[in-house]
Amino acid sequence: NHNPKTSIVLFGATGDLAKRKLYPSIYNLYITGKLSEQFVVIGIARRPWDDQTLRDNVRKAIEEAHLPTDNIEQFCNHFFYLPFDVTDTKSYQRLNQRLQELETEFHIPGNRIYYMAMAPEFFGTIAIQLKNEGVTQSDGWNRLVIEKPFGHDLPSAQKLNNEIREAFTEDQIYRIDHYLGKEMVQNIEVIRFANAIFEPLWNNRHISNIQITSSEVLGVEDRGGYYETSGALRDMVQNHLLQMVLLLSMDPPIRLATDEVRSEKIKVLRAVRSISSEEADDYFIRGQYDAGTIQDHQVPGYRSEKNVNPESKTETFVSGKLMIDNHRWAGVPFYVRTGKRMAQKSTKIVVQFKDLPLNVYTQKNEKQDSSIHPNLLVIHIQPDEGITLILNGKKIGLLGETIPVKLDYSHTSVDGVNTPEAYERLIYDCMLGDATNFAHWDEVNLSWALIDPISEAWSDSNKDIAKYEAGTMGPIESERLLEKDGFKWWPLE
Ligand code: BG6
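Per the UniProt record's numbering, residue 4 is the first one in the sequence shown, and the count goes up by one each step.
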């Protein structure tokens, strides 16, 4: 059944995520015929809106996303609003009643998605109340979608998980990591497992290191309050970057079924070397942006941003090294790096292959620097999407000299940056009951266990945090991390 008949109960309907991502995504699903007319969205938040206010806002969100608006009237008729107090049982009873009425009107067989797109402190309470008030006892299926952050460290993630597990089983829970909805992140598996020329080389005999960068130009914007308690390690590394490491490093699943893919990811995550607080500085470095110039604009430093402590030690940049202690990867560093206010918005993976055991071209040349360039496979996640393979070719005319040759395959993505497409795919997957591109609890659990000692080391440290000028690729320590191992960050161009 590719036209799921579903009610979506959207907690946080007046919020930013709903406006920027969720409404445009649901609309796209609608206009591409994936939703049929048998769906409703019940928007939930504290504000005393009514159906019309919600519909006006949905319309505005779709206009702002520059989507074609021909079907917008018809689409908006599927939206309903319920002012809600998450701590009041009556709210849940009203919700249940409203759902039943609308399910009858729209011929929806009791399938319900509860989408948590609001302040995370309420996720647990809401889940438990939904169960206690009988909302989850409908005739159809019930699924819970949880936005990040899933906890703040291991104990808080465990607590949240225990709460939601009181009301939902693991296979009813869809933990969002929107990177898993990105076209080229999903393509990592295809590149690896559908090409005879890569998989045989995908190991420590042929790969020297892998570099994953997700850089942003924006600063913390209006999220200073949240970001102060989070920082780049929790905000980006624990989830998005680690997920990319897993997709790059897992063994081929025996089938593309959810359980098979998840169990390979979990298996490799268990092989990621844990880093103690004492060792944190050997593997991870952090930085914080100072004032600087980006694209001809003068921007303030992190400590002068709204809702940020003027003496804040929160990291806005992280660079780190992960080692995977298994047969396939022993000895191959996976470098990750992410930050705000960097030189460009870009997510890229560079796979660097080992040098040839004997390089006849270097030997022939007097100038050692005009020698062979290592083979690189670059996976462009965003804003451009595609792959580049860097090979060596003969330099025209001159004897025995080589130049790097680029084989490029790319297509321009729809709008590049955090597009609704990722959410569109994930929402649709959830409607179809496919949890492959969502994080299993074991993944979340193990990734916090990996990250916590590093955040603890940093919060206990008296050292001042390294600064980097806005508009650069982070502090010098990030270069040193690779230099220590005889490598360098490949430029993103
Ligand atoms: C979010 C983080 O999960 O990912 C943000 O909370 C970050 O701080 C964003 O800006 C980056 O996503 P994308 O899709 O733009 O790379």
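Glycine residues also receive a C-beta, built at the ideal position from the N, C-alpha and C atoms. Remember, it's a predicted structure, so these values are computed and weren't measured experimentally.
Taking residue i as the reference, which of the options has the closest Cα?
i           : options               : result
residue 350 : 356, 341 and 94       : 341
residue 436 : 496, 106, 345 and 175 : 175
residue 321 : 393, 133, 238 and 300 : 238
residue 6   : 34, 21, 18 and 353    : 34
residue 236 : 145, 93, 362 and 152  : 152
residue 288 : 268, 95, 316 and 306  : 316
residue 19  : 36, 226, 231 and 396  : 226
residue 61  : 51, 95, 17 and 102    : 17
residue 256 : 233, 163, 103 and 196 : 196
residue 385 : 128, 156 and 189      : 189
residue 121 : 168, 29 and 229       : 229
residue 434 : 85, 146 and 97        : 146
residue 150 : 214, 24 and 132       : 24
residue 344 : 204, 477, 441 and 48  : 477
residue 140 : 148, 115 and 159      : 115
residue 275 : 284, 246, 295 and 261 : 246
residue 398 : 411, 375, 410 and 382 : 375
residue 439 : 479, 266, 359 and 306 : 266
residue 159 : 148, 172, 133 and 127 : 127
residue 143 : 209, 106 and 346      : 106
residue 204 : 486, 172 and 332      : 332
residue 53  : 42, 85 and 63         : 85
residue 15  : 388, 261 and 125      : 125
residue 412 : 389, 400, 406 and 405 : 389
residue 296 : 283, 306 and 346      : 346
residue 173 : 132, 148 and 249      : 148
residue 119 : 396, 133 and 66       : 133
residue 474 : 135, 199, 302 and 187 : 302
residue 208 : 198, 216, 294 and 329 : 329
residue 414 : 199, 56, 387 and 407  : 387
residue 285 : 484, 495, 442 and 64  : 484
residue 103 : 311, 42, 308 and 482  : 42
residue 335 : 480, 186 and 206      : 206
The alpha helix (DSSP H) that contains residue i, what's its start and end?
i           : result
residue 64  : 54 to 67
residue 227 : 227 to 235
residue 130 : 126 to 135
residue 23  : No alpha helix (DSSP H) holds residue 23; DSSP gives it neither H nor E.
residue 78  : 75 to 79
residue 484 : 479 to 486
Where do the ends of the beta strand (DSSP E) carrying residue i lie?
i           : result
residue 252 : That residue, residue 252, is in no beta strand (DSSP E); its alpha helix (DSSP H) goes 245 to 252.
residue 47  : 42 to 48
residue 9   : 9 to 14
residue 472 : 469 to 473
residue 119 : 115 to 119
Kindly give me the distance between the Cβ atoms of residue i and residue j, rounded to whole angstroms, as I take these residues to be in contact under 8 Å.
i           : j           : result
residue 446 : residue 280 : That belief does not hold up - the Cβ atoms of residue 446 and residue 280 are roughly 22 Å apart, past 8 Å.
residue 291 : residue 466 : So it is not a contact: roughly 12 Å between Cβ atoms.
residue 425 : residue 184 : 3 Å
residue 211 : residue 356 : 7 Å
residue 451 : residue 298 : Actually they do not touch by this definition, with Cβ atoms about 36 Å apart.
residue 78  : residue 46  : Wrong, their Cβ atoms sit about 14 Å apart, outside the cutoff.
residue 353 : residue 379 : 6 Å
residue 182 : residue 243 : 4 Å
residue 138 : residue 81  : Incorrect: roughly 19 Å between the Cβ atoms, too far for contact.
residue 461 : residue 314 : So it is not a contact: roughly 15 Å between Cβ atoms.
residue 12  : residue 95  : At roughly 10 Å, the Cβ-Cβ gap does not stay under 8 Å, so residue 12 and residue 95 are not in contact.
residue 429 : residue 167 : Not a contact, Cβ separation roughly 18 Å.
residue 129 : residue 382 : Incorrect: roughly 37 Å between the Cβ atoms, too far for contact.
residue 39  : residue 8   : 7 Å
If we cut at 8 Å on Cβ distances, does residue i have a partner in chain B?
i           : result
residue 389 : Looking at the structure shown, chain B is missing, and only one protein chain is on hand.
Does the distance between the C-beta of residue i and the nearest non-hydrogen atom of ligand 3 fall short of 7 Å?
i          : result
residue 91 : The model on display carries ligand 1 but not ligand 3.
**Study point:** Whole runs of the alpha helix (DSSP H) within the region 147 to 210, excluding any shorter than 4 residues
**Key:** 157 to 170 and 186 to 196
Point to revise | Unbroken stretches of the alpha helix (DSSP H), 4 residues or longer, contained in the region 369 to 444 | key: 423 to 435
Exercise for review: Kindly provide the ranges of any alpha helix (DSSP H) runs that are 4 or more residues long and lie completely inside the region 239 to 307, ordered along the chain.
Suggested key: 245 to 252, 261 to 274 and 283 to 286
Check your understanding: Enumerated in chain order, which unbroken segments of the beta strand (DSSP E) with a length of 3 residues or greater are wholly contained in the region 81 to 111?
Key -> 82 to 86
**Study point:** 3-residue-minimum beta strand (DSSP E) runs that sit fully inside the region 303 to 369, ordered along the chain
**Key:** 320 to 325, 337 to 342 and 349 to 356
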